[in-house]
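In numbering that gives the first Met the number 0, the protein residues as written are 0 to 482.
Cβ coordinates follow ideal geometry from the N, Cα and C atoms, glycine included.
One structure is given here, and the rest of the page talks about it.
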Amino acid sequence: MPRIACADVTGCAPLTSLTPSLIPLLSHTSPDRIVAWRDGIPVTAAQFLSDVEKLATILPASRHILNDCHDRYHFLVALSAILVAGKVNLLPSTRTAETIRQLLSFAPDAVCLTDQSNCAIALPQTAYPSPTFFGQIGSASIRAFNIPQIEEDRLVAYVFTSGSTGLPIAHRKTWATLVCNVQMEARQLGLEPGVNYSVVGTVPAQHMYGFESTVLMPLANGFSLTSAQSFYPADICHSLAQVPEPRVLITTPVHLRSLLGSALPLPKIEVMVSATAPLSPQLAQQAEQAFHAPLQEIYGSTETGQIATRQPSLTPEWVLFPTLKMAPCPEQDKNDSRMWISGGHVETPMPMNDAIELTSNGKFLLHGRITDLINIAGKRSSLAYLNHHLNAIPGIVDGAFFMPPEKTSGEVTRLKAVVVAPTLEVGDIIAALREKIDPAFMPRPLYKVDSLPRNATGKLPHAALAEFMNTLSNEHSSSERKP
């Protein structure tokens, strides 16, 4: 069984506003400050700390615990209990059988803490306790209100890359690294310290973006999170309406597109945040007009955490977090064209796997993944560029280009594309594409479907798209052979 590799990533520099060696578990300064909302009911900081203390007493003996709590508040309590108990959260990007087998080679003692009655993860399981286990806190607990202080270099979690290009890579995340990152995120988004923003998320807490923005950012900035993982438009609107203003919506382009197409009345929000997939300026403008609020986009990776933001309705340029620096390979390796990120919460310089163009001090443009760059008949483009023009066509709900494997016969490999466009004909889409892209990159063929195989965070994994396109190709070939 192949082993998961482990990157040697250390914590970020201590925050000057905090004690050099200790950082509090949460930034809520009074026992009645709201940490979370569960079905419209507030959970105070005192209740949260009581829940963490009680859960920590019944955690399994294993050091490594896979946090599979889907309720966002349960996830937060589990994360915190595992942390204060001196154990480590495991946060793989997927829960497939193969991923779990590889995870066991990395952490043989791993167990699963879950709030799902039908959890199929092949690990020893511990159930998240029922509400009666936690009960209500007494007045003595409120008077004490002792916030755990966590060593800045305490290992909080191993987060894992997807392994789409090889083995999943485990990356260490320490407490100072995470707190530094999400406190800077709040500042970059223009969220004011001391204001109790209600943070509503449409992405899972186990995903790096959801982990940082819907769990850690509220915890480390004195905000409140919502427990529900809202996916459908009606659920998102319900979750927003259940919590007080000012509200922050943490979402993805897929959820935004679905929400705007629902014709539902939209609750007032302070700011929208999007990540996990490129966001077109057109969709950003539509969202801002519908919500009467700015939309900020976040850029980062599992390895680096969040590193930059932009407002795509106004500019294509990304703005680095002010504590970070982006530059060519520090070893001056002419064969390494990647940009490297360092500083702030990224103490060890890390390479970026995107084609990046520095434009000015602290600003840059993205030109897609390095692996997205394609060459057809001597002409170069990127899948990100092509997908941008495809999804900018009015009437297209969702769409993606796909580059099949190179043919061994030497014949030129042709791009394919798939779209969700109920009101358009294939000919209309081809005609619109001809006005925007070079003929060498026109899709041959272009399929219309009801939906694309995106995952819960709105991403379109390459393996899933490849399998989907292969199925479409076989179905198309079969229909052509019928008399």
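Quiz prompt | Limits of the unbroken beta strand (DSSP E) element including residue 360 | solution = Note, residue 360: premise wrong, no beta strand (DSSP E); not H, not E.
Self-check item: Euclidean distance between Cα positions of residue 41 and residue 269
Solution: 20 Å
Quiz item: In three-state DSSP terms, what is residue 218?
Solution: helix
Quiz item: Hey, would you say residue 200 sits closer than 9 Å to residue 224, going by beta carbons?
Solution: yes
Quiz item: First and last residue of the alpha helix (DSSP H) that includes residue 187?
Solution: For residue 187, the enclosing alpha helix (DSSP H) stretches over residues 174-187.
Exercise. List the endpoints of the continuous beta strand (DSSP E) containing residue 324.
Key: 323-327
Quiz item: In terms of alpha-carbon separation, which member of 69, 321, 30 and 275 lies closest to residue 460?
Solution: 275
Self-check item: Buried versus exposed call for residue 163 [16 or more other C-beta atoms within 10 Å across all chains shown]
Solution: Unreliable placement is indicated for residue 163, whose pLDDT of 45 sits below 50; no coordinate value is reported for it.
Practice problem: Report yes or no: do the region 59-71 and the region 102-113 share at least 3 C-beta pairs separated by less than 8 Å? | Solution: yes
Self-check item: Own chain partners of residue 147 with C-beta closer than 6 Å, once the 5 adjacent residues on each side are dropped
Solution: 24 and 83
Practice problem: Using a Cβ-Cβ cut-off of 9 Å, state whether residue 53 counts as contacting chain D. | Solution: As a matter of chain content, chain D is missing from the structure shown, which is built from one protein chain.
Quiz item: Where are the beta strand (DSSP E) runs, 3 residues long or more, that stay fully inside the region 276-328, in chain order?
Solution: Whole beta strand (DSSP E) segments, 3+ residues: 294-300, 304-309, 317-319 and 323-327.
Quiz prompt | Candidates 177, 261 and 427, of which the one nearest residue 253 by Cα | solution = The option with the nearest alpha carbon to residue 253 is 261.
Quiz item: Among 56, 296 and 259, which has the Cα closest to the Cα of residue 187?
Solution: 296
Exercise. Check residue 59 in the structure and name its three-state DSSP category.
Key: coil
Exercise. Thinking residue 444 and residue 467 are a contact (beta carbons under 8 Å), I'd like their distance in whole angstroms, please.
Key: Not really, about 14 Å apart at Cβ, beyond 8 Å.
Quiz item: Could you give the distance in angstroms between the alpha-carbon of residue 117 and the alpha-carbon of residue 128?
Solution: 15 Å
Quiz prompt | Neighbourhood of residue 156 by C-beta, 6 Å cutoff - its chain only, sequence neighbours within 5 removed | solution = Excluding sequence neighbours, residue 156 sits near 88, 90 and 172.
Practice problem: Tell me the start and end of each unbroken beta strand (DSSP E) in the region 44-114 that is at least 3 residues and wholly inside, in chain order. | Solution: You should have 63-67, 87-90 and 110-113.
Quiz prompt | residue 475 burial status per 10 Å Cβ neighbour count (16 or more: buried) | solution = Exposed, by the Cβ-count rule.
Exercise. Determine the contact status of residue 303 and residue 345, defining contact as a CB-CB distance below 9 Å.
Key: yes
Quiz prompt | Extent of the continuous alpha helix (DSSP H) to which residue 132 belongs | solution = 130-133
Exercise. Give me whichever residues DSSP pairs with residue 197 in a beta bridge.
Key: Residue pairing from DSSP places residue 197 in a beta bridge opposite 223 and 246.
Self-check item: Neighbourhood of residue 103 by C-beta distance below 7 Å, restricted to the same chain and skipping five residues each side
Solution: Correct list, in chain order: 109.
Quiz item: Across which residues does DSSP place residue 368 in a beta bridge pair?
Solution: 353
Quiz item: Quick one: is residue 126 buried, meaning 16 or more other Cβ sit within 10 Å of its Cβ, or exposed?
Solution: exposed
Exercise. Take residue 407 and list the residues in its own chain whose beta-carbon comes closer than 7 Å to its own, dropping the five residues that flank it on each side.
Key: In this prediction, residue 407 has a pLDDT of 48, which is less than 50 and means its spatial position is unreliable; nothing more can be read from the coordinates.
Self-check item: Contact set for residue 401: own chain, Cβ-Cβ below 6 Å, skip 5 residues either direction
Solution: 415, 464 and 468
Quiz item: In three-state DSSP terms, what is residue 506?
Solution: Summary: the structure shown does not reach residue 506, with the chain confined to residues 0 through 482, and so no result is reported for it.
Quiz prompt | Limits of the unbroken alpha helix (DSSP H) element including residue 404 | solution = From DSSP, residue 404 is part of no alpha helix (DSSP H); its letter is neither H nor E.
Quiz item: Going straight from the alpha carbon of residue 384 to that of residue 351, what length do you get?
Solution: 18 Å
Quiz prompt | Reference residue 49; option with closest CA among 330, 454 and 30 | solution = 30
Practice problem: State the start and end residues of the unbroken beta strand (DSSP E) segment that holds residue 498. | Solution: Since the first residue of the chain shown is 0 and the last is 482, residue 498 is not available in this structure.
Quiz item: In angstroms, rounded to a whole number, what distance separates the CA positions of residue 196 and residue 71?
Solution: 16 Å
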